[in-house]
Amino acid sequence: MNIRAHLAHKLRQAMSEASIADNFPPLVVPSKRPDFGDYQANGAMAAAKSMGRNPRELAQAIVEHLDLETEAERLEVAGPGFINIHLNSRWLAEQLSASVAPRGEDGKKPQTVVIDYSSPNLAKEMHVGHLRSTIIGDTLARLLERLGHKVIRQNHVGDWGTQFGMLIAQLETHLEHGENAELALQDLESFYREAKLRFDADPDFADRARSYVVKLQSGDKRVRELWQRFRSVSLHHSEVIYDKLNVSLSPEDVRGESFYNDDLARVLADLDKAGLLKEDQGAKVVCLKELADKDGNPSVAIVQKQDGGYLYSTSDLAAVRYRVGTLKADRIMIFVDARQSLHLKQVFTIARKAGFAPPTVSLEHHAFGTMLGPDGTPFKTRSGGTAKLADLLDEAVQRAEKLIAEKDPELSVDERKVVARKVGIGAVKYADLSKTRTNDYLFNWDAMLSFEGNTAPYLQYAYTRIQSIFRKAGIQPNSVNAKLIIDSSEEKTLGIKCLQFGEVLEQVADDVYPHVLCNYLYDLASLYMRFYEACPILKDGVDPAIKHSRLRMCHAVAETLRVGLDILGIEVMERM
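Using my numbering, read the sequence shown as starting at -3 and increasing by one per residue.
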């Protein structure tokens, strides 16, 4: 049950019966103060202004036609025309009983959503800069699937281009000396530096590397085999990270730049056919008046260099066409940082003008801010180098294990390691996801690993604490089928918060701000703690019907926490 959608539907009917045009929405929102009810409808004021009516009188007319006899215990018109809705506790209990951790279907026609995220460069190991793209994209993939949409993940890895001639030539040298590819590439950063130094110092090696670029692009069998070995080992580096992060990307989701290589000439031909191509100093470009600067100069997108080589814009156009034409996308979401904003505006504009993406397909770039170190500059290692993501995650687990050993020394070594992995990785992910996506944020170990405040450990502990209540009661959570009774303000507030889970998922699906879900889960856990303190569950003297009702409420909260954290890619545990 989506309470807000249900109330909005009833209000639309009442507004229609009050002779209000359909283009005026009811504007239903949760109330910010208990004395204003549980929900407010604010649509009467906008309608009254347009109709030349008194807003309070119009709001009263809506209330007179409003059929909420079952849902509401009281309706009132307040202020300049707000309609306050005080929900009926019995009705709330029925909705909560029927919907433990609701799927949150948004009532929309299921779409095919293509999500482009993570996208590491296979020439190098994943660094902390890849974290946000990877986990924000994964959260939206999980969330949209839960809402019933078909999600197609696309990992647009950098696996093509001039640098690969140099890397393949270097790999060939290692193989000729009897070294296997996995050993040679166990540290991609060192391998890349070694190849670059040799490329700059050895003219013969540089010539061979350049020739390998040509051979790679023309399909030379030997060079393609070397490239494939390099690509395979490099992808494995990423897969290890995805496994540590509990990210749902798989090898089948990889659609790198190389995937579109054979289509790039056709992309250019189609742009030319559409009358979009121009020649500028030997390069092929598209001029976009739609993105002109303040002086009226059009934005220029290069799609083929003077030497005939293609660019990111060309492969990205091929990717849009593939996702629309072959994958049948209704919505394309790309998660890369804000520095790519102009580039993607150009790609999207060209794709529209060329007919690669009709207006019915949503093309979306969801940018994000930067992870900053304690000094407020982009996160680096202590030595000032780029921080490997694998090292960051390992340190998170190590710090979590030390912390857990101090808090619960009775856990066995194996139990402690499992809990430390879930807590450490969850802490890193949640610290990122709980920040507004478009903002930079400061990385702080102490804050993210705290068991107090809006953190993953706090939420994981809240879930574990609920499970301990069931263990103490000797009852399996799923076996509690008692009638749910809501007879206190704490129970009512908590029940409403549980039922708002679907509303929150819909909001994040539309606005693409995962921190909204994080804030919701934190609020839910905080309200549960108030409920727990105010409403005894296992104490002597508690009526059995009340006890089992409150256990059922506990189960609803735990399931909502578990599902919400799972959407964020964060694991929970029964003991902690």
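Glycine included, each C-beta is placed from N, C-alpha and C at the ideal position.
Please tell me whether residue i and residue j are closer than 8 Å, where the distance is taken between their beta carbons.
{"i": "Leu267", "j": "Val299", "result": "yes"}
{"i": "Pro374", "j": "Leu429", "result": "no"}
{"i": "Glu286", "j": "Met329", "result": "no"}
{"i": "Ser95", "j": "Ile482", "result": "no"}
{"i": "Gly365", "j": "Tyr437", "result": "yes"}
{"i": "His362", "j": "Arg433", "result": "yes"}
{"i": "Arg251", "j": "His152", "result": "yes"}
{"i": "Leu517", "j": "Leu561", "result": "yes"}
{"i": "Val24", "j": "Ala37", "result": "yes"}
{"i": "Phe352", "j": "Leu313", "result": "yes"}
{"i": "Ala401", "j": "Ile566", "result": "no"}
{"i": "Leu480", "j": "Ala89", "result": "yes"}
{"i": "Ile421", "j": "Asn242", "result": "yes"}
{"i": "Ala165", "j": "Tyr208", "result": "yes"}
{"i": "Ala172", "j": "Leu222", "result": "Going by the sequence as given, residue 172 is Glu instead of Ala. No; because the gap between Cβ atoms is not below 8 Å, this pair is not in contact."}
{"i": "Gln342", "j": "Leu273", "result": "no"}
{"i": "Ser184", "j": "His232", "result": "The sequence as given places Leu at residue 184; Ser does not occur at that position. No."}
{"i": "Tyr188", "j": "Lys120", "result": "yes"}
{"i": "Val357", "j": "Val332", "result": "no"}
{"i": "Val229", "j": "Glu178", "result": "yes"}
Please report the residue range of the alpha helix (DSSP H) in which residue i lies.
{"i": "Cys550", "result": "Pro540 to Ile563"}
{"i": "Gln56", "result": "Pro51 to His61"}
{"i": "Ser246", "result": "Run containing Ser246: none; DSSP gives neither H nor E here."}
{"i": "Met525", "result": "His511 to Ala530"}
{"i": "Val316", "result": "Tyr308 to Gly321"}
{"i": "Asp593", "result": "Nothing about residue 593 can be read from this structure; the chain reaches only from -3 to 572."}
{"i": "Gln456", "result": "Ala452 to Ala469"}
{"i": "Arg412", "result": "Val409 to Leu429"}
{"i": "Gln224", "result": "Lys217 to Leu241"}
Within 10 angstroms of the Cβ of residue i, are there 16 or more other Cβ atoms? Answer buried if so, exposed if not.
{"i": "Leu338", "result": "exposed"}
{"i": "Gln472", "result": "exposed"}
{"i": "Gly161", "result": "buried"}
{"i": "Lys45", "result": "exposed"}
{"i": "Lys488", "result": "buried"}
{"i": "His82", "result": "buried"}
{"i": "Thr556", "result": "buried"}
{"i": "Asn450", "result": "buried"}
{"i": "Gly48", "result": "exposed"}
{"i": "Gly271", "result": "exposed"}
{"i": "Ala55", "result": "buried"}
{"i": "Ser309", "result": "buried"}
{"i": "Asn474", "result": "exposed"}
{"i": "Gln91", "result": "buried"}
Measuring alpha carbon to alpha carbon, tell me which of the options ends up nearest residue i.
{"i": "Ala43", "options": "Ser15, Asp34 and Val343", "result": "Ser15"}
{"i": "Leu407", "options": "Tyr238, Ala4, Ser522 and Glu570", "result": "Glu570"}
{"i": "His123", "options": "Asp442, Pro22 and Leu385", "result": "Leu385"}
{"i": "Leu523", "options": "Leu534, Lys493 and Val508", "result": "Lys493"}
{"i": "His170", "options": "Ala191, Asn(-2) and Val153", "result": "Ala191"}
{"i": "Val296", "options": "Ile542, Ser12 and Glu275", "result": "Glu275"}
{"i": "Arg548", "options": "Leu564, Gly537 and Cys531", "result": "Cys531"}
{"i": "Thr345", "options": "Lys324, Val316 and Asp258", "result": "Val316"}
{"i": "Ser129", "options": "Ile462, Leu495, Glu499 and Ala334", "result": "Ala334"}
{"i": "Gly157", "options": "Ala55, Asn117 and Glu168", "result": "Asn117"}
{"i": "Lys349", "options": "Asn80, Val263, Gln91 and Gly304", "result": "Val263"}
{"i": "Pro26", "options": "Leu495, Asn450 and Asp196", "result": "Leu495"}
{"i": "Leu260", "options": "Ser246, Leu245 and Lys280", "result": "Lys280"}
{"i": "Ala396", "options": "Val419, Ser475 and Lys104", "result": "Val419"}
{"i": "Ala180", "options": "Leu193, Arg225, Tyr457 and Gly305", "result": "Arg225"}
{"i": "Leu64", "options": "Trp87, Leu54, Asn50 and Asp31", "result": "Trp87"}
Quick check on the DSSP output: the beta strand (DSSP E) that includes residue i runs from which residue to which?
{"i": "His82", "result": "Phe78 to Leu83"}
{"i": "Asp276", "result": "Leu273 to Asp276"}
{"i": "Tyr35", "result": "Tyr35 to Ala37"}
{"i": "Val357", "result": "Unbroken run through Val357: none, as it is neither H nor E."}
{"i": "Glu185", "result": "Careful: Glu185 lies outside any beta strand (DSSP E), inside the alpha helix (DSSP H) at Leu184 to Ala197."}
Go through its chain and collect everything with a Cβ distance to residue i's Cβ below 7 Å, but skip five positions before and after it.
{"i": "Arg52", "result": "Val73, Pro76 and Gly77"}
{"i": "Lys211", "result": "Val219"}
{"i": "Ile462", "result": "Cys550, Val553 and Ala554"}
{"i": "Met572", "result": "Val415, Gln456, Tyr457 and Thr460"}
By Cβ distance below 8 Å, which residues in the same chain neighbour residue i in space, the five residues on each side in sequence not counted?
{"i": "Val424", "result": "Leu127, Leu388, Leu389, Ala392 and Met444"}
{"i": "Leu368", "result": "Pro374, Phe375, Asp436, Tyr437, Leu438 and Phe439"}
{"i": "Thr322", "result": "none"}
Is residue i close to chain D, meaning its C-beta is less than 8 Å from at least one C-beta of that chain?
{"i": "Glu141", "result": "In the structure shown, chain D cannot be found, because there is only a single protein chain."}
Below 6 Å CB to CB, which residues in the same chain sit around residue i once its five sequence neighbours on both sides are set aside?
{"i": "Leu564", "result": "Thr135 and Leu429"}
{"i": "Pro21", "result": "Gly39"}
{"i": "Ala137", "result": "Ile111, Val147 and Arg149"}
{"i": "Val109", "result": "Leu140, His145, Val147 and Arg327"}
{"i": "Ile(-1)", "result": "Leu495"}
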